[in-house]
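Undergrad: Numbering (our numbering), first residue to last: 740 to 982. For every residue, glycine included, the Cβ atom is placed at its ideal position computed from N, Cα and C. What you are looking at is a predicted structure, and each value in this text was computed from that prediction instead of being measured.
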């Protein structure tokens, strides 16, 4: 991976509204006002938005990656790319500059979350991203928000002896103590599964415009209308500690 540079951001660019980062949407404004996040110091604003996306937005598979932040918020669930979009929108609404770092991950990371019959249909490398926030003169890499705590706890109970672990939406060196809770530092939960590094993007719109989709139109239709519902049902069963 490319080193995380310490250059200060272009505030105008990294705070702007885009089609996907629609942080001027009333639902996002209401959430922020209700929570009182604007009254917090900058580092605490980042933490509040981060923990909301990690805890209140469940891990699950949306119809596609390229959906606006307001839709992710309304649906109440998401995966790496859609949760990144929501977190970026919240940060920009809180006047915290942020950017997106794009990657692919090896599909092995999704084994267990994807039904066995659908796994061979999955591309070998899947689009992935995390968020980088500029606060207190430094960039903080944020990836640990992808899995909600009930789902992660269920995996920890299912695999109590596991340390290095890849599967079920996780790729970490320590499943029992992953660096996911906000403590003012970078967080990760899928970093160990990264295959390709596509570099930095001002927003998810630019990332998806450059890298497109992993799926052919036919596979996208199947995923959107059939496969993802089976995947979400499986995630819900795991979260509820069902076999």
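(1) Counting Cβ pairs, one atom from each stretch, are 3 or more of them under 8 Å apart for the segment 811 to 820 and the segment 862 to 879?
(2) For the alpha helix (DSSP H) holding residue 787, just list the boundary residues, first then last.
(3) Measuring alpha carbon to alpha carbon, tell me which residue in 956, 934, 941 is nearest residue 843.
(4) Report the residue from 965, 940, 897 whose alpha carbon sits nearest the alpha carbon of residue 979.
(5) Here's the rule I'm using: 16 or more other beta-carbon atoms within 10 Å means buried, otherwise exposed. How should residue 823 be labelled?
(6) Are the CB atoms of residue 887 and residue 793 within a distance shorter than 8 Å?
(7) Between which two residues does the beta strand (DSSP E) carrying residue 960 extend?
(8) Label residue 809 either buried or exposed according to how many other C-beta atoms from any shown protein chain fall within 10 Å of its C-beta, with 16 as the threshold for buried.
(9) Identify whether residue 878 lies in helix, strand or coil by the three-state DSSP scheme.
(10) Rounded to the nearest angstrom, what separates residue 795 and residue 847 at their Cα positions?
(11) Could you tell me the boundaries of the beta strand (DSSP E) in which residue 839 lies?
(12) Between the Cα of residue 908 and the Cα atoms of 965, 883, 769, which residue gives the shortest distance?
(13) Assuming residue 785 contacts residue 825 under a Cβ cut-off of 8 Å, what Cβ separation, rounded to an integer in Å, is found between them?
(14) Run the CB neighbour count on residue 754, radius 10 Å, all protein chains shown included, and call it buried at 16 or more, exposed below.
(15) Run through DSSP, which three-state label would residue 909 get?
(16) Who are the Cβ neighbours of residue 742 in its own chain at under 8 Å, not counting the five residues just before and after it?
(17) Any idea if residue 812 is buried or exposed, counting beta-carbon neighbours within 10 angstroms, 16 or more meaning buried?
(18) Mind checking residue 750: buried by the 16 CB within 10 Å criterion, or exposed?
(19) With DSSP run on the structure shown, which of helix, strand or coil describes residue 939?
(20) Under the three-state reduction of DSSP, which class applies to residue 870: helix, strand or coil?
(21) Can you give me the Cβ contacts of residue 805 inside the same chain, cut-off strictly under 7 Å, excluding the 5 residues immediately before and after it?
TA: So, from the listed chains and residues:
(1) yes
(2) For the purposes of this step, residue 787 is taken as the residue at position 48 of the chain shown. From DSSP, the alpha helix (DSSP H) with residue 787 extends over 781 to 794.
(3) Sequence index remark: in the chain shown, residue 843 carries index 104 (1-based). It is 934.
(4) To locate residue 979, count along the chain shown from 1; it is residue 240. For residue 979, the nearest C-alpha among the options comes from 897.
(5) In the chain shown, residue 823 corresponds to position 84, counting from 1. The residue is buried, with at least 16 neighbouring Cβ atoms inside 10 Å.
(6) In the chain shown, residue 793 corresponds to position 54, counting from 1. In the chain shown, residue 887 corresponds to position 148, counting from 1. In this structure, residue 887 lies closer than 8 Å to residue 793 by Cβ.
(7) Numbered from 1 along the chain shown, position 221 holds the residue referred to as residue 960. No beta strand (DSSP E) contains residue 960, which is instead part of the alpha helix (DSSP H) from 956 to 961.
(8) Taking the first residue of the chain shown as 1, we reach residue 809 at position 70. Burial call: buried.
(9) Residue mapping note: residue 878 aligns to position 139 of the chain shown, counting from 1. Strand, per DSSP.
(10) As a first step, residue 795 must be located in the chain shown, where it is residue number 56. As a first step, residue 847 must be located in the chain shown, where it is residue number 108. Straight-line Cα distance between these residues: approximately 26 Å.
(11) Start at 1 with the first residue of the chain shown, and residue 839 comes out as number 100. That run of the beta strand (DSSP E) goes 837 to 845.
(12) Position 169 of the chain shown, counting from 1, holds the residue named residue 908. When only C-alpha atoms are compared, the closest one is 883.
(13) Here residue 785 refers to the residue found at position 46 when the chain shown is read from its first residue. Here residue 825 refers to the residue found at position 86 when the chain shown is read from its first residue. The pair is not a contact, with the Cβ atoms about 14 Å apart (cut-off 8 Å).
(14) Position 15 of the chain shown holds residue 754. With 16 or more other Cβ atoms within 10 Å, it is buried.
(15) Taking the chain shown and counting its residues from 1, one reaches residue 909 at position 170. Three-state DSSP puts residue 909 in a strand.
(16) The residue labelled residue 742 in the question sits at position 3 within the chain shown. Because residue 742 carries a pLDDT of 41, less than 50, the predicted location of this residue cannot be relied on, and no value is offered for it.
(17) The residue given as residue 812 occupies position 73 in the chain shown. Counting Cβ neighbours within 10 Å, residue 812 comes out buried, since at least 16 surround it.
(18) Taking the chain shown and counting its residues from 1, the one referred to as residue 750 is at position 11. Counting Cβ neighbours within 10 Å, residue 750 comes out exposed, since fewer than 16 surround it.
(19) The residue given as residue 939 occupies position 200 in the chain shown. Of the three classes helix, strand and coil, the one that applies to residue 939 here is strand, per DSSP.
(20) In the chain shown, counting from the first residue as 1, residue 870 sits at position 131. Residue state, collapsed to three classes: strand.
(21) As a working mapping, residue 805 is identified with position 66 in the chain shown. Around residue 805: 759, 947.
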